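Asks:
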Amino acid sequence: MLGPGLRVLARAVRDEPAMFTFGVLGSALFAVMTVASAYVVGAVVGRVAVPSFAAHHVAAGGLALGAAAILAVAILKVVGIFGRRLGAGRMQFNLEARYRRQVTRRYLDLPVAWHQKHATGTLLSNANADVEASWYPIAPFPFAVGALVMLVAAVVSLFLVDWVLALVGLALFPLLFGVNVLFSRAIAPRVARAQQLRAEVSAVAHESFDGALVVKTMGREEAETRRFAERSEALRDAMISVGRVRGMFDPVLDGLPSLGTLAVLVVGGLRMRAGAIGVSDVVSVSFLFTVLGFPVTAIGYLLGELPRSAAGWERVSRVLGATGEMDYGAAHRTGTGPAVLRFDGVSYGYEGGPEVLHDVTFEVPAGRTVALVGPTGSGKSTIGSLAVRLVDPWAGTVSLDGRDLRTLAADALSRATALVPQIPFVFDDTVRGNVTLGRHGIGDAEVWSALRLAQADGFVAALPESVGTHVGERGATLSGGQRQRLTLARALAGNPGVLVLDDATSAVDPRVEAAILDSLRSAGGTVLVIAYRRATIALADEVVYLEQGRVLARGTHAELLATVPGYAALVTAYDEARA
Amino acid sequence: MSGTEAGAGHGAWNTLRRGLALSPRLRRGLPVTVALGLVGTLGKVLVPVAVQQGLDHGLRAAGGPDLHRVVQIVSVTAAMLVVTVICQYWMNVRLYIASESSLADVRTGTFRHIHDLSTLHQQAQRRGSLVSRVTTDIDQVSQFLQHGGVAVLLSVCQVLVTTAVMLAYSWVLTLVVYLSFAPMVFAVRWFQRRLTVLYADVRVAVGAMLAAIAESVVGATVIRAYGIRDRTAGRIDETIEANRRSRYRSQRLAVFGSQFGELSAAVATASVVVVGVLLGVGGPGGLGQPLTVGRITAFLFLVVLFVQPVQLVSEVMNEVQNAIAGWRRVLDIQDTEPDVADPGFAGVPLPEGPLDVRFDAVSFAYPGGPEVLSTVDFQIPARQRVAVVGETGSGKTTLAKLLTRLMDPTQGEVRLGGHPLTGVRFDSLRQRVVMVPQDGFLFDATVADNVRFGRPDLTDEQVRAAFARLGLADWLAALPAGLATRVGERGEALSVGERQLVALARAYVADPDLLVLDEATSAVDPATEVRLQRTLDTVTRGRTTVAIAHRLSTAEGADEVIVVDRGRIVQRGPHASLLADADSVYAKLYASWLEQTRSA
């Protein structure tokens, strides 16, 4: 049960050996000084106070020495605490930062297909809560190691004092240790269940608030609240069950050393009567048991946290071990002008699902515009993803200027292609930052010319700080149409060899859209456009008509209109309605 | 909110008091719990007293160690110790039950309250932060109540009980101990003020880090398409590093601060020994109280008990502040009055049958913004099918939101069936008036479950029949698992247009008397849209329908068209008559629509 948790600790030590050593040294110093403080107190009482009281005369030198010893031990103890806590803190925070970097690096390297299978909330909690849980036991770790040192030092010192008193310690210490282990065993499954329920509570809240508008408009607040309350009550019960165990642990761990102290009084009395030890020894040992209790609980806390840490690490390592990132080639495009995009016998399906595209073949010649038309759910957006290699086909090839996309280097690929998705994604950055995305060679002049092409220059110029204006998280300060035009400008600014527009102007007013299409046409790039609107289709040199994942027909708009009934029905739907 | 957080010291008590008031179950039985805690802490002073008694009357008894006496003292103490352990356990369990039960109530209550807030408030708060209100914020309070809260409570008890025992032994030495700890009190206060600032920094850093990571996950597609992995990684790394630094800084200060306790304890121990021995041996019996070796020794034990609480309190400071901050955020939500409130039993249900709609001089402005609707007047007779058209930003979506009472007008009144909307009970309103929003949000469930979201009693057959009546039987049949197809998180396993189809079916089965469509089919292909339009015409016959339309095909088939331009109604009437004026807003909109869609 503790095995996986201990392996996480071992990894922590391997990753941060310096900070670990620092913390353990501090903790050991603290441990030794804690034991020492008991003997100093014992000595001061036995060697200074008792004789002084007996002689009715204060031994001033001894008293001063005793006081100085108490202070000196305390100062060393504080030094130890600094080492222990600062070492542990640094170790914990370094580990968190290190694995957050690794996890987020995986997020950036794993393909879109992987992302599609993992919920946003889960990925966020992997990078945040799970990393934190993995390294949470690091805080008490050096302390617990120090506590072990302390137990050993205590036993050794006890034997130096008196072997009979040492037996009391030998009985007590394993008992303390055993209680700690028992506790961690009992608490682990309960904590794991509470963690699980906590995630479920969060998931219900997430979904319910995301769909708040639907909940509200359909008056389902009560039902949603019941759904939430059910999870929240299960969490409550799980936490109470954790509490029953934890509530037992603390008092028992507190009480055991006290019982030890009491035993010392009895056994100490016996030994004093036998003349084996003096008062100072009894005081030392009973004080030792008193100061020992607290550090020993660190062992329990460490062991208690291990299962949670192991569970967190398990989720983190699932991300770190995930594979499937795309391999990129080394090839670069020759030239920078409009490219030829070609699909050759391409089939594709989402992982674990059926094939959704079957043997798709078409070409977008350099400098031409091809419109992809088809009913809802026919696979148009999937073709868009394939065209910029967000996903790889199951069979067939997608190529650019005759080169298989898979042979292109990553940077060459992203320079050569640009996709403007249906739902625009805007970064929490300035307008300028959102257009350039830090790419080289895009200065303000290029930004403005891209904004002009996308018909976005007007509203951007009216923003308080023009292109320097921050647009907020997900571009919250912009309207849907503005966000679409901004993402379009982003695509145009890179001057890509192929531009893929996936219904990218759906939230833009018809008149503005017409202007955008005009300017695209005059710019003369290679464009694959997914659209329904007649005006958009009219811009195309050729139309590819798609139905249920198959290319049903290719040709000019007029040809398809005359020969393909499905196509005609789709594009003349409004005329029919008007008729 | 960050403004109030910065002044965490100020009003912290107020927050705590109000937080406790919010959870009445927390206070129920609190006196018993505190009493148990007091008895529990007595266990701590038992040992020093036993040591004193054992030393003075047993081990150092005149005439050699009196073992019989020692055994007596030890047995009595051990028995009492067991009782105190049981009391502590009992107290802990009571606290767990009380805190978890009351917080579960707060959690659910806050969840409900968030749903009661208007869409305006729900949007102003980021979704993620709303989730925190019912999860991590409350977890922090629970963590505090069970860990820090107990520690603080017990610590106060422990200081009181320890002081009482000290005073019983020697008021002089008690004074010595208090004086030794006096400087620490000032130091701790200074540290806490600094810590408050640093902990606030940590919270900001965590927020920035989470935002950066979220962007990399949600924007995964864009990041790949533009090859900006390194730039994104750089941005994330900066926030991770800032987070690491801020956490280490606050921890370092906390460690420094707490060491005053350790040092003060050493000063107290040394002073007790020196003063105790000097007074005990030389003075007149410790100024009235005889100081013995046993009493001095007991004091040394008591000092340990005295310093523990102080240590603990400084260690849980962060928890206390997190809990207060968490509690405050929960209170902030609870304090936000639902500005669109359900009149409840004071309200009236809507009259039976189809509903007519009336806008009386309605104006609306978002808080701090310009007017988006200005004195809008119109009436829609029952059973009419009306299309509302206009350019983006003209105010047509606002009109839909006012009509369904997702928001209330800043001026004027909306009436349904003759009743002012503000006086209509929500259960009646939500049942009779249904809006299909543009964003067809779906829950992570099957297609069937999503459709019967508002009518959980519907069978699969009834759901299937609904799709058939909407002319969507073919589409349904083409889904991998038909009605049982899972739609994924937010419906993302379906295309945007498909999500809209399910959302439409969901509204249709709710069987409303007033159906409001807010660009509900904007991502559906034209053929399907036109087909839907026709079937909607038939299935909604006999009800009132208001369709906010971006595509003018909707307007062509409507009984009447309302044209909105810059927050005002500029035209209304049947499609054909509106076209008569070639210079009108509608005529221009229609011309550009025709140009876009005409096939030949």
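Quick note, the sequences are listed as chains H and A, same order. Following numbering that gives the first Met the number 0, the numbering of the first sequence begins with 0 at its first residue and continues without gaps. Following numbering that gives the first Met the number 0, the numbering of the second sequence begins with 0 at its first residue and continues without gaps. Ideal Cβ positions, reconstructed from N, Cα and C, are used throughout, including at glycine. Computed from a predicted structure; not experimentally measured.
For A/Arg-384, which beta-bridge partners are listed by DSSP?
Replies: Counting from 1 along the second sequence, the entry for residue 384 of chain A is found at position 385. Note: A/Arg-384 sits in a beta bridge opposite A/Thr-544.
Asks: From A/Arg-275 to A/Leu-172, what does the alpha carbon distance come to, in whole angstroms?
Replies: By 1-based counting over the second sequence, the position of residue 275 of chain A is 276. By 1-based counting over the second sequence, the position of residue 172 of chain A is 173. The question names Arg, but residue 275 of chain A in the sequence shown is Gly. Taking the straight line joining both Cα atoms gives about 7 angstroms.
Asks: Strictly below 8 angstroms CB to CB, what residues from chain H border A/Gln-258?
Replies: Here residue 258 of chain A is taken as the residue at index 259 of the second sequence, counted from 1. In chain order: Val-77, Ile-80 and Phe-81.
Asks: What are the boundary residues of the beta strand (DSSP E) that H/Val-526 is part of?
Replies: Walking along the first sequence from the start, residue 526 of chain H turns up at place 527. First-last of the beta strand (DSSP E) with H/Val-526: 525-529.
Asks: Do H/Val-290 and H/Ala-610 come within 8 angstroms of each other at the CB atom, strictly closer than that value?
Replies: The structure shown does not extend to residue 610 of chain H, since chain H is modelled only from 0 through 578, so no value can be given for it.
Asks: Counting only beta-carbon separations shorter than 8 angstroms, does A/Ile-113 have a partner in chain H?
Replies: Taking the first residue of the second sequence as 1, we reach residue 113 of chain A at position 114. Chain H contact via Cβ: present.
Asks: Checking 8 angstroms against the spacing of the C-beta atoms, do H/Leu-264 and A/Val-69 come in under that value?
Replies: Here residue 264 of chain H refers to the residue found at position 265 of the first sequence. Here residue 69 of chain A refers to the residue found at position 70 of the second sequence. The Cβ atoms of H/Leu-264 and A/Val-69 lie closer than 8 angstroms to each other.
Asks: Can you have a look at A/Thr-83 and say buried or exposed, based on whether 16 or more other CB atoms are within 10 angstroms of its CB?
Replies: Along the second sequence, one-based indexing puts residue 83 of chain A at 84. Buried, because 16 or more other Cβ atoms sit within 10 Å of the Cβ of A/Thr-83.
Asks: Below 6 angstroms CB to CB, which residues in the same chain sit around A/Gln-52 once its five sequence neighbours on both sides are set aside?
Replies: Start at 1 with the first residue of the second sequence, and residue 52 of chain A comes out as number 53. Closer than 6 angstroms at the Cβ level, and outside the excluded window around A/Gln-52, lie Ile-72.
Asks: For A/Ala-534, which three-state DSSP category applies?
Replies: Reading the second sequence from its first residue, position 535 is the one you call residue 534 of chain A. In the sequence as presented, Ala is not what sits at residue 534 of chain A; that position holds Thr. In the structure shown, A/Thr-534 sits in a helix (DSSP, three-state: H, G or I).
Asks: Measure the C-alpha to C-alpha separation of A/Glu-518 and H/Val-200 and round it to an integer number of angstroms.
Replies: Reading the second sequence from its first residue, position 519 is the one you call residue 518 of chain A. Reading the first sequence from its first residue, position 201 is the one you call residue 200 of chain H. Using only the alpha carbons, I get a separation of about 33 angstroms.
Asks: Please list the partners that A/Pro-436 has in chain H, where partner means a Cβ-to-Cβ separation under 8 angstroms.
Replies: As a first step, residue 436 of chain A is located in the second sequence; it is residue number 437 there, counting from the start. Under the 8 angstroms cutoff, chain H gives Leu-212, Val-213 and Thr-216.
Asks: Do you know offhand how far H/Gly-554's Cα is from H/His-469's?
Replies: Counted from its first residue, the first sequence places residue 554 of chain H at position 555. Counted from its first residue, the first sequence places residue 469 of chain H at position 470. Taking the straight line joining both Cα atoms gives about 44 angstroms.
Asks: Along the chain, where does the alpha helix (DSSP H) that runs through H/Ile-538 open and close?
Replies: Reading the first sequence from its first residue, position 539 is the one you call residue 538 of chain H. Ile is not the amino acid found at residue 538 of chain H; the sequence shown has Leu there. H/Leu-538 -> no alpha helix (DSSP H), and no H or E assigned at all.
Asks: Check the Cβ-Cβ distances between H/Ser-380 and every residue of chain A, and say whether any is below 8 angstroms.
Replies: Working through the first sequence from its first residue, we reach residue 380 of chain H at position 381. Interface residue, yes.
Asks: Could you tell me which residues DSSP puts in a beta bridge with H/Ala-370?
Replies: Mapped onto the first sequence, residue 370 of chain H falls at position 371. Looking at the DSSP assignment, H/Ala-370 forms a beta bridge with H/Val-528 and H/Val-542.
Asks: So for H/Glu-354, helix, strand or coil by DSSP?
Replies: Residue 354 of chain H sits at position 355 when you count from the first residue of the first sequence. Correct three-state label for H/Glu-354: strand.
Asks: Which residue comes first and which comes last in the beta strand (DSSP E) that contains H/Val-77?
Replies: As a position in the first sequence, residue 77 of chain H is number 78, starting the count at 1. H/Val-77 -> not in any beta strand (DSSP E); alpha helix (DSSP H) instead, spanning 59-108.
Asks: Please look up how many angstroms separate the CB atoms of A/Ala-381 and A/Pro-353, rounded, as I've assumed it's under 8 angstroms.
Replies: Within the second sequence, numbered from 1, the residue matching residue 381 of chain A stands at position 382. Within the second sequence, numbered from 1, the residue matching residue 353 of chain A stands at position 354. Correct: roughly 4 angstroms between the Cβ atoms.
Asks: For A/Asp-582, count neighbouring C-beta atoms within 10 Å of its own C-beta (all shown protein chains included) and say buried if the count is 16 or more, exposed if not.
Replies: Position 583 of the second sequence, counted from the start, is the residue given in the question as residue 582 of chain A. Exposed is the call here.
Asks: Counting only Cβ pairs nearer than 7 angstroms, list the residues of chain A close to H/Glu-304.
Replies: For the purposes of this step, residue 304 of chain H is taken as the residue at position 305 of the first sequence. None at all; the shortest Cβ gap to chain A is about 13 angstroms.
Asks: Could you say which of H/Phe-293, H/Asp-236 and H/Arg-84 lies nearest to A/Ala-103 if we only look at CA atoms?
Replies: Stepping through the second sequence from its first residue, residue 103 of chain A is reached at position 104. Checked all of H/Phe-293, H/Asp-236 and H/Arg-84; the closest Cα to A/Ala-103 is H/Asp-236.
Asks: For H/Val-603, tell me which candidate among H/Ala-411, H/Gly-523 and H/Ile-239 has the shortest Cα-Cα distance.
Replies: Residue numbering for chain H in the displayed model covers 0 to 578; residue 603 of chain H lies beyond these limits and cannot be assessed.
Asks: Taking the DSSP output, what are the residues bridged to H/Ala-552?
Replies: As a working mapping, residue 552 of chain H is identified with position 553 in the first sequence. DSSP lists H/Tyr-544 as partners of H/Ala-552.
Asks: In its own chain, which residues sit with a C-beta less than 8 angstroms from the C-beta of H/Gly-440, not counting the 5 before and 5 after it?
Replies: The residue you call residue 440 of chain H lines up with position 441 of the first sequence. Contacts found: none.
Asks: Which residues in the same chain as A/Ala-492 place their Cβ atom closer than 7 angstroms to its Cβ, once the five residues preceding and following it in sequence are excluded?
Replies: Here residue 492 of chain A is taken as the residue at index 493 of the second sequence, counted from 1. Counting only Cβ-Cβ distances below 7 angstroms, and skipping sequence neighbours, we find Arg-485 and Val-486.
Asks: Does the beta-carbon of A/Trp-620 have 16 or more other beta-carbons within 10 angstroms, so that it is buried, or is it exposed?
Replies: For chain A, the structure presents residues 0 to 599; residue 620 of chain A sits outside this window and is missing.
Asks: Whose Cβ in chain A lies nearer than 8 angstroms to the Cβ of H/Gln-195?
Replies: If you number the first sequence from 1, residue 195 of chain H lands on position 196. Simply none; closest approach about 14 angstroms.
Asks: Buried or exposed: which applies to A/Thr-107, given that a residue is buried once 16 or more other Cβ atoms fall within 10 Å of its Cβ?
Replies: Residue 107 of chain A sits at position 108 when you count from the first residue of the second sequence. With 16 or more Cβ atoms within 10 Å of its Cβ, A/Thr-107 is classed as buried.
Asks: Please compile the residues from chain H whose C-beta is within a distance smaller than 7 angstroms of the C-beta of A/Gln-320.
Replies: Working through the second sequence from its first residue, we reach residue 320 of chain A at position 321. Those within 7 angstroms of A/Gln-320 in chain H number zero; the least Cβ separation is about 17 angstroms.
Asks: For the segment 262-274 of chain H, list every residue whose C-beta sits within 8 angstroms of some C-beta in chain A, in sequence order.
Replies: Ala-262, Leu-264, Val-265, Gly-267, Gly-268, Leu-269, Met-271 and Arg-272
Asks: Quick one: which residues of the segment 27-39 of chain H get their C-beta closer than 8 angstroms to a C-beta of chain A? List them in chain order.
Replies: none
Asks: Among all the DSSP beta bridges, which residues are the ones paired with H/Val-359?
Replies: Residue mapping note: residue 359 of chain H aligns to position 360 of the first sequence, counting from 1. DSSP lists H/Val-345 as partners of H/Val-359.
Asks: If the cut-off is 7 angstroms on Cβ atoms, which residues from the segment 161-181 of chain A count as contacting chain H, listed in chain order?
Replies: So nothing in the stretch comes that close.
Asks: Once DSSP output is grouped into helix, strand and coil, what is the label at A/Gly-284?
Replies: Taking the second sequence and counting its residues from 1, one reaches residue 284 of chain A at position 285. The predicted model places A/Gly-284 with a pLDDT of 47, which falls under 50 and marks its position as unreliable; any figure quoted below should be read in that light. In the structure shown, A/Gly-284 sits in coil (DSSP, three-state: anything other than H, G, I, E or B).
Asks: In terms of residues, what are the limits of the alpha helix (DSSP H) holding H/Glu-221?
Replies: Here the question's residue 221 of chain H lines up with position 222 in the first sequence. That run of the alpha helix (DSSP H) goes 220-272.
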